[in-house]
Ligand code: AHM
Ligand code: MG
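Numbering (UniProt numbering), first residue to last: 3 to 338.
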């Protein structure tokens with residue numbers, strides 16, 4: 003049918019969030035405005051990432067194509083775009099970016115009530131070979147009309163209002179939760195709009211894939227080692243799990259969300275707190291996992307219960323399908 007060829011009910015991310023927010027009578031569209039600025043940042047990074055390889059070939063990156071220069075540039079560029087977009091939204095008061103050592107406190111005239119924590123371009127080691135990378139973000143709100151302080155972002159992940167990521171992969175996909183489930187939007191390049199393509203994502207209760215950097219196995223603690231051994235040599239008659247590891251958290255988590263399974267970045271002897279950052283990697287992904295019906299665990303507790311003390315703090319993380327995370331929780335519980 004011709005009618006099928008053109009859908010006319012274009013459910014853009016803005017429309018979707020406007021609908022969602024209209025349930026709250028007190029909503030004044032601030033969140034929608036904030037989100038549209040995040041979306042702008044994602045679109046910019048998407049375009050920049052798509053050009054990265056080409057830019058390098060024809061020397062757009064600068065006079066000297068020193069190895070790694072473009073990669074660094076793209077990180078820094080992405081960060082600048084997000085910071086400027088967020089500040090100019092007039093809806094933020096504190097920004098924490100992986101790229102900036104210190105938090106940014108927005109000047110009074112441009113201040114709003116939202117705090118945004120983000121990693122503008124995660125998985126940067128994958129840029130030069132054209133493998134998927136992404137942006138991760140989480141959103142808090144300041145308590146009252148008080149002067150914002152670092153304590154407003156040093157809060158457990160369960161206090162987040164919203165979280166999401168954008169994956170720059172074979173297509174550009176934005177996955178978002180405002181605390182009422184998880185929805186996925188794909189960028190339609192001809193429209194320049196993110197269209198709802200994955201409504202109400204639920205992670206399978208149990209998966210067939212595990213995802214971890216096994217090169218670190220030598221330094222793992224016993225429960226992690228035991229769990230991965232079980233994935234490969236199950237003793238209960240089930241089939242071994244498949245291993246998939248991209249080394250881009252956004253891509254590894256996205257696959258986990260859609261196909262099910264477990265993603266692990268555990269502690270090891272060299273890095274007792276793992277590698278991933280609590281505020282803008284562990285929390286947003288844990289928030290999304292729980293909202294999709296999965297779980298997220300640090301090896302000690304529910305990830306979203308963790309109270310960070312520093313903005314760039316790290317934590318071990320195990321997240322994914324409910325049953326798979328349950329298994330690793332049991333192994334850690336047996337340890338003590
Ligand atoms: P980055 O912020 O330097 O890009 O590092 C974060 C990335 C994550 O995307 C990914 O999950 C992890 O590092 C992979 O680490 P490793 O190379 O140790 O397996
Ligand atoms: Mg990162």
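Just so you know, even glycine gets a beta-carbon here, dropped at the ideal spot from N, CA and C.
Everything numeric in this text was worked out from a predicted model, so none of it was measured.
Taking the alpha carbon of residue i as the reference point, which residue from the options has its own alpha carbon closest?
i           : options               : result
residue 335 : 301, 315, 37 and 93   : 301
residue 215 : 232, 236, 251 and 186 : 251
residue 319 : 311, 261 and 274      : 274
residue 221 : 235, 293, 7 and 269   : 269
residue 153 : 171, 107 and 169      : 107
residue 321 : 305, 315, 310 and 309 : 305
residue 276 : 210, 261, 299 and 256 : 299
residue 105 : 52, 227, 121 and 284  : 121
residue 2   : 40, 337 and 14        : In the structure displayed, the chain extends from 3 to 338; residue 2 sits before or after that span and is not available.
residue 38  : 15, 53, 27 and 192    : 15
residue 254 : 284, 236, 13 and 114  : 284
residue 217 : 209, 210, 208 and 227 : 227
residue 147 : 110, 131 and 175      : 110
residue 208 : 26, 92, 243 and 75    : 243
Express the C-alpha separation of residue j and residue i in angstroms, rounding to a whole number.
i           : j           : result
residue 333 : residue 89  : 44 Å
residue 272 : residue 194 : 44 Å
residue 19  : residue 79  : 27 Å
residue 173 : residue 188 : 7 Å
residue 282 : residue 140 : 6 Å
residue 313 : residue 156 : 7 Å
residue 163 : residue 181 : 6 Å
residue 8   : residue 229 : 48 Å
residue 150 : residue 144 : 7 Å
residue 30  : residue 49  : 31 Å
residue 292 : residue 118 : 20 Å
residue 265 : residue 296 : 11 Å
residue 41  : residue 34  : 10 Å
residue 178 : residue 186 : 6 Å
residue 96  : residue 286 : 17 Å
residue 303 : residue 331 : 9 Å
residue 67  : residue 54  : The predicted model places residue 67 with a pLDDT of 49, which falls under 50 and marks its position as unreliable; any figure quoted below should be read in that light. Distance between the alpha carbons of residue 67 and residue 54 is about 12 Å.
residue 46  : residue 225 : 42 Å
Mind checking whether the beta-carbon of residue i lies closer than 6 Å to any heavy atom of the ligand ADP?
i           : result
residue 215 : The ligand ADP is not part of the structure shown, which contains the ligand AHM and the ligand MG as its ligands.
Determine, using beta carbons only, whether residue i and residue j come nearer to each other than 7 Å.
i           : j           : result
residue 77  : residue 126 : yes
residue 167 : residue 36  : no
residue 101 : residue 81  : yes
residue 184 : residue 203 : yes
residue 289 : residue 165 : yes
residue 278 : residue 267 : yes
residue 280 : residue 231 : no
residue 309 : residue 201 : no
Would you please state the rounded distance, in angstroms, between the beta carbons of residue i and residue j? I believe it to be under 8 Å.
i           : j           : result
residue 263 : residue 324 : With a Cβ gap of about 11 Å, residue 263 and residue 324 do not count as contacting.
residue 294 : residue 259 : 6 Å
residue 248 : residue 327 : Incorrect: roughly 20 Å between the Cβ atoms, too far for contact.
residue 112 : residue 307 : Rounded, the Cβ-Cβ distance is 33 Å, inconsistent with contact.
residue 83  : residue 43  : 5 Å
Review point. If you measure from each residue's Cβ to the nearest non-hydrogen atom of the ligand MG, which ones come out under 6 Å, in chain order?
Key: 100, 121, 124 and 283
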